[in-house]
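Number of protein chains: 2
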Amino acid sequence: MTTLARYLQEQLQFTAEETTALLTHWRKPRSLRRGDFLTRMGQVEQHLYFILEGTLIIFYEIEENEQVVGFGYADTMICSFPSFIRNLPSDYYIQALGPTELLGIARTDFYRILEQYPRLETNWRRMVEEALLGRIEREIDLLTVSPRERIQRLLNRSPHIFQLIPNKYIASYLRMTPETLSRNMK
Amino acid sequence: MTTLARYLQEQLQFTAEETTALLTHWRKPRSLRRGDFLTRMGQVEQHLYFILEGTLIIFYEIEENEQVVGFGYADTMICSFPSFIRNLPSDYYIQALGPTELLGIARTDFYRILEQYPRLETNWRRMVEEALLGRIEREIDLLTVSPRERIQRLLNRSPHIFQLIPNKYIASYLRMTPETLSRNMK
DNA sequence: AGCAAATCTTGATCTGGATCAAGGATCTAC
DNA sequence: GTAGATCCTTGATCCAGATCAAGATTTGCT
């Protein structure tokens, strides 16, 4: 069984048959090398991706420098959600930090299937709900005033990120400079 | 026709029949006075509310002081979404800034209806998607480094807020002190 | 393995916005 | 309508974290 099949069944609670039906539509494999962009600002996101292997960063370009707002790693979904959902140009970039393998499903296919299978809609709705809740939790994390505490919260909630992602991107994600992250890590 | 009915049809695109069916379940009227809490930290959110009249603030208590993260005003929905969706205690408070009238629907009713009517599920999903997109846009707003620009963005996007909400809450929402807001408004 | 590029660390300095303070303007409740 | 509370403004000071700099370490590519 593929990792995507396992993800669909374990994380999204699809039955074996539903998983099989869905899998046939996830058929756009894509490979990226370090530095390649999965999505660029201005492009309309035409696919939803499942990461088989590798790590990616999601960032905005704001006043000349990049501001990281999220990460992607193996066995999770990734895409420019606002662009994918609204069918409008993406506001942010998604870039591979190393060799990366993905599977994609076209948004037209995806929404067509959504209409056909009510249970799929329920699962997608739950996924969007979870994404929303994740954002809300992150908002609280960023409210925490001291850099030291922001780091601590991330360490508690997602220690694996520190294994996968270079500190300078984590610093950006936590809204501080790499120097401040370094000085507060020990 | 009530404002809720109009909201359901115009904003959420329900048919007249669906609206009528739904309306019978929105039957928990609630009145608040200035300073009253709609929801307190620790409570599990048992209702989704529609604001008929009045304004409210949503805030976290973080290190002794309140941090505003959102507002509610007439003709929109409000509740502690993470609590409502996950059926867990709310992390934040919702408080009325003045006399406020609401209609509520119980979460058990709401989710039961959702199961029965697929089109309702689609509409709710769209609402959650929109809420997620709103969060994402807000994230960009907060990334803007200078206080002056953050104010400007909010003025452009939601000028009505400055009419409805005292500046000190807007300052908190924009992550700055009332002094800084005052100094950068003109 | 080996070299170039990228990243991390540590120190010295600077600064934007917070904090503290106090007077004036505006609400609001009876 | 008026008293009291709340909110807004302006000035003076302070400090956490940014910026600048430079050397040490790690990473990734062939």
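Going down the list, the protein sequences come from chains P and C.
Heads up: the first sequence at position 104 corresponds to 205 in this note's numbering, and the numbers run straight through without jumps.
Heads up: the second sequence at position 100 corresponds to 201 in this note's numbering, and the numbers run straight through without jumps.
All C-beta atoms in this analysis are idealised placements derived from N, C-alpha and C, irrespective of residue type, glycine included.
- Contacts with chain P at 8 Å (Cβ-Cβ) do not include TYR274 (chain C).
- The contact set of THR223 (chain C) on chain P, defined by CB atoms closer than 7 Å, consists of GLU222 in chain order.
- The C-alpha of ARG131 (chain P) lies about 57 Å from the C-alpha of ARG134 (chain C).
- Contact between the stretch 148–162 of chain C and the stretch 201–209 of chain C is established, with three or more Cβ pairs separated by less than 8 Å.
- Here the C-alpha atom of LEU275 (chain P) lies approximately 18 Å from the C-alpha atom of LEU234 (chain P).
- The beta carbon of GLN168 (chain P) sits closer than 8 Å to some beta carbon of chain C.
- Secondary structure of GLU250 (chain C) (DSSP, three-state): helix.
- For THR140 (chain P), the beta-bridge partners assigned by DSSP are P:ILE195.
- Residue environment: ILE163 (chain P) is assigned as exposed (fewer than 16 neighbouring CB atoms within 10 Å of its CB, all protein chains considered).
- Judged by DSSP in its simplified three-state form, PRO219 (chain P) adopts helix.
- Taking the beta carbon of VAL229 (chain C) as reference, the chain P residues within 8 Å of it are ARG226, VAL229, GLU230, LEU233, listed in sequence order.
- Residue pairing of TYR274 (chain P) in beta bridges, as defined by DSSP: absent, with no partner found.
- Straight through space, the alpha carbons of LEU256 (chain C) and ASP242 (chain C) are spaced by roughly 11 Å.
- Identification of residues in the stretch 185–203 of chain C having a C-beta nearer than 8 Å to some C-beta of chain P yields ILE186, ARG187, ASP192, given in sequence order.
- Approximately 17 Å separates the beta-carbon atoms of ALA175 (chain C) and ASP137 (chain C); this is outside 8 Å, ruling out the contact.
- In terms of Cβ geometry, LEU139 (chain P) and ILE195 (chain P) form a close pair [threshold 8 Å].
- Counting along the chain, the unbroken alpha helix (DSSP H) around ARG187 (chain P) starts and ends at 182–187.
- With contacts defined by Cβ atoms closer than 8 Å, ARG226 (chain P) and GLU222 (chain C) form a contacting pair.
- Taking each of C:THR278, C:TRP127, C:ARG107, C:VAL170 in turn and checking the Cα distance to ARG239 (chain P), the smallest one comes out for C:VAL170.
- Look at TYR150 (chain P): its C-beta is not under 8 Å from any C-beta on chain C.
- Distance check between TYR270 (chain C) and each of C:TYR161, C:ILE237, C:GLN114, C:GLU118 places C:TYR161 closest, using alpha-carbon atoms only.
- Within chain P, no C-beta atom comes nearer than 8 Å to that of ARG258 (chain C); the closest sits roughly 14 Å away.
- Taking a beta-carbon distance threshold of 8 Å, VAL145 (chain C) does not count as an interface residue toward chain P.
- In this chain, the alpha helix (DSSP H) harbouring HIS261 (chain P) covers 260–265.
- Here DSSP, grouped into helix, strand and coil, assigns THR245 (chain P) to coil.
- Residue-level contact check: ARG251 (chain P) does not touch chain C, since none of the beta carbons of chain C fall below 8 Å from its beta carbon.
- For ALA207 (chain P), the enclosing beta strand (DSSP E) begins and ends at 201–207.
- Shown here, THR125 (chain C) sits in coil according to DSSP, grouped into three states, outside any helix or strand.
- Within the same chain, and ignoring the five residues on either side of LEU109 (chain P) in sequence, the residues whose Cβ sits closer than 7 Å to its Cβ are PHE115, THR120, LEU123.
- Annotation for GLU111 (chain C): the continuous alpha helix (DSSP H) segment containing it runs 104–111.
- Between PRO183 (chain P) and GLY143 (chain P), the C-beta spacing is not below 8 Å.
- Of the candidates C:HIS261, C:GLU250, C:LEU113, the residue whose Cα lies closest to the Cα of ARG284 (chain C) is C:GLU250.
- Here GLY171 (chain P) is bridged, per DSSP, to P:ILE159.
- With its beta carbon at least 8 Å from every one in chain C, LEU282 (chain P) lies outside the interface.
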